[in-house]
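Undergrad:
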Amino acid sequence: MSDFDVIEFEVCSVCLYLVAYGEYNDGENTAEEKWKAWEESGNADFVQYMSPACNCEEECGGFTHSSCDLCGVTGFEPHKAVALIPKSAACSS
């Protein structure tokens, strides 16, 4: 039995960058908009447990019309992020 729940997310490149590095600076307020969208999606609590799940030096996939699981943007090259959530944290939420 595992002590973790594993949740996979299909995310856009900006969300993946934010998950990996905790910041994103494009000279605009993109990072703040993404954080707000994460809060609205209900997935913001999972971000602390997330990490990128693909080697983005290789092709991560083609173009998709589905929406990013974190921010909801559509029409992006999909990337994967995985959250390993301790079962004790899931019980206390």
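Residues in the sequence shown are numbered from 970 upward in steps of one, following my numbering. A virtual CB, placed ideally from N, CA and C, is assigned to each residue, including glycine.
With H, G and I counted as helix, E and B as strand and the rest as coil, what does DSSP make of Leu-987?
TA: Here Leu-987 sits in helix by DSSP.
Undergrad: Ala-1050 and Val-983 - do their beta-carbons sit closer together than 8 Å?
TA: Cβ distance not < 8 Å, so Val-983 and Ala-1050 don't count as in contact.
Undergrad: Confirm, please, whether the CB-CB distance from Phe-978 to Ile-1054 is below 8 Å.
TA: No, the Cβ-Cβ distance between Ile-1054 and Phe-978 is not below 8 Å.
Undergrad: Would the beta-carbon of Trp-1007 fall within 8 Å of that of Ala-1013?
TA: Taking 8 Å as the Cβ cut-off, Trp-1007 and Ala-1013 qualify as a contacting pair.
Undergrad: Does the Cβ of Tyr-990 have 16 or more other Cβ atoms within 10 Å, making it buried, or fewer, making it exposed?
TA: That one is exposed.
Undergrad: Out of Ser-1010, Glu-1002, Ala-1052, Trp-1004, state which residue places its alpha-carbon closest to the alpha-carbon of Gln-1017.
TA: Answer by Cα proximity: Ala-1052.
Undergrad: Taking just the CA atoms, how far does Gly-1044 sit from Cys-1037?
TA: Straight-line Cα distance between these residues: approximately 9 Å.
Undergrad: In three-state terms, what does DSSP make of Ser-971?
TA: Residue state, collapsed to three classes: coil.
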